[in-house]
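According to my numbering, the residues represented by the sequence shown are 19 to 335, in order. All remarks here apply to the structure that follows.
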Amino acid sequence: MNLLQSIKGVNTHLATFRKNVNVAALSGWLMVSLTANAQEIIPLYSGVVPNAKASDIRESGAESGVLKGITKPTLAYFKPAPDKASGAAVIIVPGGGYGVVVYQGEGINIAKALAEKGVAAFVLKYRLPSDAIMVDKKIGPLQDAQQALKLVRDNATKWGIDAGKVGIMGFSAGGHLASTAATHFEKAYVDNAGNTNLRPDFQILIYPVISMSDSLAHGGSRDNLLGKSPLRPDIELFSNELQVRANTPPTYLTHAADDKLVDVDNSIVYFETLRRQKVPVEMHIYPKGDHGFIFRHPGWMEPLFAWMKQNTWLKNE
Numbered sequence: 019m020n021l022l023q024s025i026k027g028v029n030t031h032l033a034t035f036r037k038n039v040n041v042a043a044l045s046g047w048l049m050v051s052l053t054a055n056a057q058e059i060i061p062l063y064s065g066v067v068p069n070a071k072a073s074d075i076r077e078s079g080a081e082s083g084v085l086k087g088i089t090k091p092t093l094a095y096f097k098p099a100p101d102k103a104s105g106a107a108v109i110i111v112p113g114g115g116y117g118v119v120v121y122q123g124e125g126i127n128i129a130k131a132l133a134e135k136g137v138a139a140f141v142l143k144y145r146l147p148s149d150a151i152m153v154d155k156k157i158g159p160l161q162d163a164q165q166a167l168k169l170v171r172d173n174a175t176k177w178g179i180d181a182g183k184v185g186i187m188g189f190s191a192g193g194h195l196a197s198t199a200a201t202h203f204e205k206a207y208v209d210n211a212g213n214t215n216l217r218p219d220f221q222i223l224i225y226p227v228i229s230m231s232d233s234l235a236h237g238g239s240r241d242n243l244l245g246k247s248p249l250r251p252d253i254e255l256f257s258n259e260l261q262v263r264a265n266t267p268p269t270y271l272t273h274a275a276d277d278k279l280v281d282v283d284n285s286i287v288y289f290e291t292l293r294r295q296k297v298p299v300e301m302h303i304y305p306k307g308d309h310g311f312i313f314r315h316p317g318w319m320e321p322l323f324a325w326m327k328q329n330t331w332l333k334n335e
């Protein structure tokens with residue numbers, strides 16, 4: 019079965035992704051390993067994966083760089099050159115409507131760009147919400163994001179990272195997961211006997227899904243995470259514009275005004291809420307670009323790098 023036909027609610031995201039990616043570039047991606055240049059592939063959990071059910075589901079999609087069926091989450095570690103290293107680390111959360119993970123285009127490629135700038139980059143291959151593999155699918159992705167933050171902080175000395183400079187970066191539905199980690203850190207959804215800080219030091223959100231509300235939600239993402247008839251308390255809990263507090267991490271947002279898949283108001287509402295709470299926030303909105311604009315605007319990371327330099331998460335060259 020064609021992947022675009024097999025995952026309801028994600029087909030539009032992938033169609034946009036495939037339309038926007040330069041064909042020659044995509045062909046080049048398919049010729050290399052998904053973890054090319056990664057120094058280490060790190061299992062997210064050393065023992066039993068929490069909230070997991072026994073299942074015969076197997077991971078697939080490595081040949082296309084768009085994954086599904088993930089039951090064993092990992093981090094792919096991209097280490098910067100020692101002379102460039104700033105001490106900062108970023109956990110990268112690719113998108114895919116909570117139905118697939120766009121691992122290559124919104125993961126590996128971004129990690130390489132960050133590592134080149136001196137940032138330790140970790141691509142999160144996270145479990146997608148599924149009743150077939152999880153006891154409670156609503157919290158499964160958040161567990162993996164929290165465990166990634168815990169793992170990076172717990173190994174900061176080993177990896178030459180400043181434990182006070184660990185951020186999270188998400189694209190589309192991955193932006194929802196990143197912003198969930200940045201607004202739900204006071205409750206641990208994973209074993210954290212050592213009380214490791216689960217709060218990201220900063221969040222970078224690229225055309226993110228923020229809200230699960232009827233007016234703003236990306237339907238496929240909400241259906242996959244919360245189900246087709248979600249309860250009002252779950253909608254509110256995972257509408258992250260409602261979860262912002264004064265201690266929410268500093269934020270960088272970017273979106274295209276003509277995004278036809280994830281309404282730009284997701285970013286605008288989040289920006290306004292952060293601003294009112296006096297959380298440092300910077301936002302860049304492109305007039306055109308639609309969803310997945312990063313595949314057509316090669317310079318989109320330059321404002322991000324400038325923001326990171328201002329906050330000492332990148333070295334000033």
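Ideal Cβ positions, reconstructed from N, Cα and C, are used throughout, including at glycine.
Mapping DSSP to helix, strand and coil, what is P61? Walking along the sequence shown from the start, residue 61 turns up at place 43. In this structure, P61 counts as strand in the three-state DSSP scheme.
Along the beta strand (DSSP E) that carries L271, what are the first and last residues, could you check? For the purposes of this step, residue 271 is identified with residue 253 of the sequence shown, where counting begins at 1. In the DSSP assignment, L271 falls within the unbroken beta strand (DSSP E) covering 269-274.
Let me know the secondary structure DSSP gives P321 once reduced to three states. What you label residue 321 is simply residue 303 of the sequence shown in a count that begins at 1. It is helical.
Going along the chain, which residues of its own chain have a beta-carbon closer than 6 Å to the beta-carbon of A235, five neighbours each way excluded? Within the sequence shown, numbered from 1, the residue matching residue 235 stands at position 217. For A235, where only same-chain residues beyond five positions count, the Cβ hits under 6 Å are S229.
So, L167 versus N215, is the Cβ gap smaller than 9 Å? Taking the sequence shown and counting its residues from 1, the one referred to as residue 167 is at position 149. Taking the sequence shown and counting its residues from 1, the one referred to as residue 215 is at position 197. A contact, by the Cβ cut-off of 9 Å.
Taking A196 as the reference, give the member of A163, G182, V153 with the closest Cα. Within the sequence shown, residue 196 is the residue found at index 178, counting from 1. Between A196 and the set A163, G182, V153, the nearest pair of CA atoms involves A163.
For M230, name the three-state secondary structure that DSSP assigns. For the purposes of this step, residue 230 is taken as the residue at position 212 of the sequence shown. The DSSP-derived three-state label of M230 is coil.
Helix, strand or coil for Y288, going by three-state DSSP, please let me know. Here the question's residue 288 lines up with position 270 in the sequence shown. The answer is helix: DSSP assigns Y288 an H, G or I state.
Inter-residue spacing [alpha-carbon to alpha-carbon] between Y63 and P159: As a first step, residue 63 is located in the sequence shown; it is residue number 45 there, counting from the start. As a first step, residue 159 is located in the sequence shown; it is residue number 141 there, counting from the start. Taken atom to atom, the span from the alpha-carbon of Y63 to that of P159 is near 13 Å.
Roughly how many angstroms lie between the CA atoms of A106 and V184, to the nearest whole one? Position 88 of the sequence shown holds residue 106. Position 166 of the sequence shown holds residue 184. About 6 Å.
Are the CB atoms of L332 and K205 within a distance shorter than 9 Å? Position 187 of the sequence shown, counted from the first residue, corresponds to residue 205. Position 314 of the sequence shown, counted from the first residue, corresponds to residue 332. Result no, Cβ atoms of K205 and L332 do not sit closer than 9 Å.
Between the C-alpha atoms of I126 and S78, what's the straight-line distance to the nearest angstrom? The residue you call residue 126 lines up with position 108 of the sequence shown. The residue you call residue 78 lines up with position 60 of the sequence shown. Within the model, the alpha-carbon separation for I126 versus S78 is close to 17 Å.
Label N258 either buried or exposed according to how many other C-beta atoms from any shown protein chain fall within 10 Å of its C-beta, with 16 as the threshold for buried. If you number the sequence shown from 1, residue 258 lands on position 240. Buried.
CA-to-CA distance, T272 to E320, given in whole angstroms: Stepping through the sequence shown from its first residue, residue 320 is reached at position 302. Stepping through the sequence shown from its first residue, residue 272 is reached at position 254. Roughly 12 Å separates the two Cα atoms.
Endpoints, the alpha helix (DSSP H) within which T201 is located: Residue mapping note: residue 201 aligns to position 183 of the sequence shown, counting from 1. For T201, the uninterrupted alpha helix (DSSP H) run begins and ends at 191-201, by DSSP.
For Q161 versus T201, is the C-beta spacing smaller than 9 Å? Along the sequence shown, one-based indexing puts residue 161 at 143. Along the sequence shown, one-based indexing puts residue 201 at 183. No, the pair does not count as a contact, with Cβ atoms beyond the cut-off.
Quick test of the definition: if touching needs 3 or more C-beta pairs under 8 Å, does the stretch 98-105 touch the stretch 291-310? Result no; under three Cβ-Cβ pairs closer than 8 Å.
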